Structure formats: C-alpha cells, structure tokens
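Colleague: Please read through the structure below; I'll follow up with questions.
Residue numbers (UniProt numbering): 1 to 229.
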C-alpha cells in the first residue's frame, strides 16, 4: 500500500509518501508563500526521488483543517483531483491531530495550537495510549484563557506545540504555570510522513462531498450571515 500525504493547512507545505507503513520520503518547506503553484511540483519531485510513478499510489490522505482557508482548499482540491483521476480512495485527518502526532514520546497530554486571532486559538487535546494517538478533547475554536482553564482540570502535564504557540505563550504560562511544557522547535512543524501513517484506519471520504473542516466561518461569510438572519 503506497500512500501519498498532502498538508497545506498552514505556512508549512508538506508532501509525504509511505509504503507498507514505512515512511520513504518527505518534502517540507516552512515559508510564507502561496502553495497553489508549489504542491504539484513538490509531489512530482518526491515521486521521482522515491523512484515511483503517480500510478503506483493506492491512497491519498489530506490534512483537512483547521487552518488557512486558502491553504486547505488548495490541498483538498489537489488531493481530490488526483483521487478522482487515479480512481483511488481519499481520506482526511485533522490538521491538529497531525501536529500532535509529532509528540509521540511525551508522557502527558498534547495541545497543538494554531492562532485564530483576537486571543483565540484552534486546538484540541491528545495523548498517546499504547502507541496510538487518541483524542481527549475535541478540536475547537476557543479563547486561549478559556482553554487553559479547562486544562487545569486535568491531572497530567500538557505539551503545547506549533509555530503559533509563541503568540499565546505568556497567557499559557500565566494560567498553567508548572503544568505546561513547550515543544522544541523541531517538533513544532507537522510532518507529512506522520500524516501518511495516519491514513491506515481512516474511513474513505466521498471524493465529491469531502470538504475542509474550518472550525469557524470565514469572516466575510460570518458577517453575511449576521446581516441575513
């Protein structure tokens, strides 16, 4: 089973390939540039580097949110187009779960963070149990202070990770003190190889109806709904 993974949900562009549950290649950049012109060349480069043809791919997995509205649409559109063209299944996984997957050796809870502006974050709570990544609290869009108050009710240390943690670091430290730990910089970047491995037990998506999970409406759409209600 050869799995192609695509992540364009943040500034990180990640493409990975796993074969028979082994990561055989990754392409990662962490720069603020438009992914639209870079994803397909990245896929082509990685396939050639791994000595594979696109027709050898058996499944596609895409990080489907939350994240950048534009980025998510780019990744899903490319993933769905390839799945439809190759007549292979496509699956999706939370972009936050992908981030949490990098902290497999942490003994406690994992809180991946994306900045949602105005003192809010996209986050969820995860932990590894017997080597499997499990969800303790659902992904959500929430004020940072409110999230920290919730975490105080848990009895284990919490590892915060993600490139956006630094934006909310002071609030987190003030609220959680000794309960909080911060991931090293090498763990903050989501790995597309991990994404490929997450595809194993996921249910296939309908290629036509598969859509991003934004966790909130785009600002323009939210304002439009307020006016029409």
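Each residue gets a CB set at the ideal place from its N, CA and C atoms; glycine is no exception. The structure displayed is predicted, hence computed values, not measured ones.
Grab me the residues of residue 56's own chain with a C-beta within less than 7 Å of its C-beta, minus the 5 sequence neighbours each way, in chain order.
Modeller: For this step, residue 56 is matched to residue 56 along the chain shown. Excluding positions up to five away in sequence, the list reads 2.
Colleague: Cβ atoms of residue 6 and residue 93: under 7 Å apart, would you say?
Modeller: Sequence index remark: in the chain shown, residue 93 carries index 93 (1-based). Sequence index remark: in the chain shown, residue 6 carries index 6 (1-based). No, the Cβ-Cβ distance between residue 93 and residue 6 is not below 7 Å.
Colleague: Residue 202: which of 14, 51, 60 sits nearest, CA to CA?
Modeller: If you number the chain shown from 1, residue 202 lands on position 202. The option with the nearest alpha carbon to residue 202 is 60.
Colleague: Just checking, does the stretch 74 to 93 make contact with the stretch 170 to 185 on the three C-beta pairs under 8 Å criterion?
Modeller: Output reads no: the stretch 170 to 185 does not touch the stretch 74 to 93.
Colleague: Can you tell which of 88, 102, 19 has its C-alpha closest to the C-alpha of residue 187?
Modeller: If you number the chain shown from 1, residue 187 lands on position 187. Here the closest residue by C-alpha is 102.
Colleague: Per the DSSP calculation, residue 2 is bridged to which residue(s)?
Modeller: Walking along the chain shown from the start, residue 2 turns up at place 2. Residue 2 pairs with 19.
Colleague: Classify residue 194 as helix, strand or coil using the three-state DSSP reduction.
Modeller: Here residue 194 refers to the residue found at position 194 when the chain shown is read from its first residue. Of the three classes helix, strand and coil, the one that applies to residue 194 here is helix, per DSSP.
Colleague: So what does DSSP say about residue 52, is it helix, strand or coil?
Modeller: By one-based count along the chain shown, residue 52 stands at place 52. The answer is coil: DSSP assigns residue 52 none of H, G, I, E or B.
Colleague: If we call anything under 7 Å between Cβ atoms a contact, is residue 184 one with residue 98?
Modeller: Position 184 of the chain shown holds residue 184. Position 98 of the chain shown holds residue 98. Not a contact, by the Cβ cut-off of 7 Å.
Colleague: Please check the pair residue 143 and residue 120, which I expect to be a contact at CB under 8 Å, by giving their CB distance rounded to whole angstroms.
Modeller: Position 143 of the chain shown holds residue 143. Position 120 of the chain shown holds residue 120. About 5 Å separates the two Cβ atoms, so the contact holds.
Colleague: What does residue 66 pair with, by DSSP beta-bridge criteria?
Modeller: Locating residue 66 in the chain shown gives position 66, where the first residue counts as 1. Note: residue 66 sits in no beta bridge, so no partner.
Colleague: With three or more C-beta pairs closer than 8 Å as the rule, is the stretch 25 to 45 touching the stretch 70 to 79?
Modeller: The stretch 70 to 79 is in contact with the stretch 25 to 45.
Colleague: How far does the alpha helix (DSSP H) with residue 200 in it reach, from first residue to last?
Modeller: Within the chain shown, residue 200 is the residue found at index 200, counting from 1. Looking at the DSSP string, residue 200 is not in any alpha helix (DSSP H), and its letter there is neither H nor E.
Colleague: If you scan the stretch 70 to 105 from start to end, which runs of the alpha helix (DSSP H) of 4 or more residues do you find wholly inside it?
Modeller: Listed in chain order, they are 95 to 101.
Colleague: Check residue 127 in the structure and name its three-state DSSP category.
Modeller: Stepping through the chain shown from its first residue, residue 127 is reached at position 127. Three-state result, residue 127: strand.
Colleague: Which residue or residues does DSSP assign as beta-bridge partners of residue 59?
Modeller: On the chain shown, position 59 is the one that residue 59 refers to. Per DSSP, 3.
Colleague: Among the residues of its own chain, which have a CB less than 6 Å from the CB of residue 197, if the five just before and after it don't count?
Modeller: The residue given as residue 197 occupies position 197 in the chain shown. 18, listed in sequence order.
Colleague: Tell me where the alpha helix (DSSP H) around residue 167 begins and ends.
Modeller: If you number the chain shown from 1, residue 167 lands on position 167. First-last of the alpha helix (DSSP H) with residue 167: 165 to 176.
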